[in-house]
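Engineer:
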Amino acid sequence: ELDRLASLTWEDTGKPVEDKEEFWVATNDYLVSGGDSLRHVFDGIPMNKRKYLDTTQRDVGAEYLRANPGLSLPFDEKPRVEKIE
């Protein structure tokens, strides 16, 4: 779906982002590698404008859970995925 992004605005001013403006995008390697059919988006970003971090999302998540051992998530009685027979 190439037309999902209809407009993009700056949160602090509400003004539209101009075509020539540059800004940071934080995402994961799956999307940058073309996952979720986004190759056309990230292929337009030159390699010298990309910054890859040494830390993975998995490591960040694991560290957060270790630092917050009492963390609990709400339980949903109605699951989003159901078995259909």
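Taking my numbering, the leading residue of the sequence shown gets 83, the next gets one more, and so forth. From the three backbone atoms N, C-alpha and C, an ideal C-beta is built for every residue, glycine too.
(1) Quick check on the DSSP output: the alpha helix (DSSP H) that includes Ala-149 runs from which residue to which?
(2) Compute the Euclidean distance between the alpha carbons of Asp-160 and Pro-128, then round it to the nearest angstrom.
(3) Tell me Thr-91's beta-bridge partners as DSSP assigns them.
(4) Select from Glu-103, Ile-166, Leu-135 and Gly-96 the residue whose C-alpha is nearest the C-alpha of Thr-109.
(5) I need the DSSP call for Leu-153, collapsed to helix, strand or coil.
Structural biologist: This is what the structure holds:
(1) Position 67 of the sequence shown holds residue 149. Here the alpha helix (DSSP H) through Ala-149 covers 139 to 149.
(2) Start at 1 with the first residue of the sequence shown, and residue 160 comes out as number 78. Start at 1 with the first residue of the sequence shown, and residue 128 comes out as number 46. Reading off the sequence shown, one finds Lys at residue 160, where the question assumed Asp. Those two C-alpha atoms are separated by around 44 Å.
(3) The residue you call residue 91 lines up with position 9 of the sequence shown. Thr-91 is bridged to Pro-98.
(4) Position 27 of the sequence shown, counting from 1, holds the residue named residue 109. The shortest C-alpha separation from Thr-109 is found at Leu-135.
(5) Mapped onto the sequence shown, residue 153 falls at position 71. Residue state, collapsed to three classes: coil.
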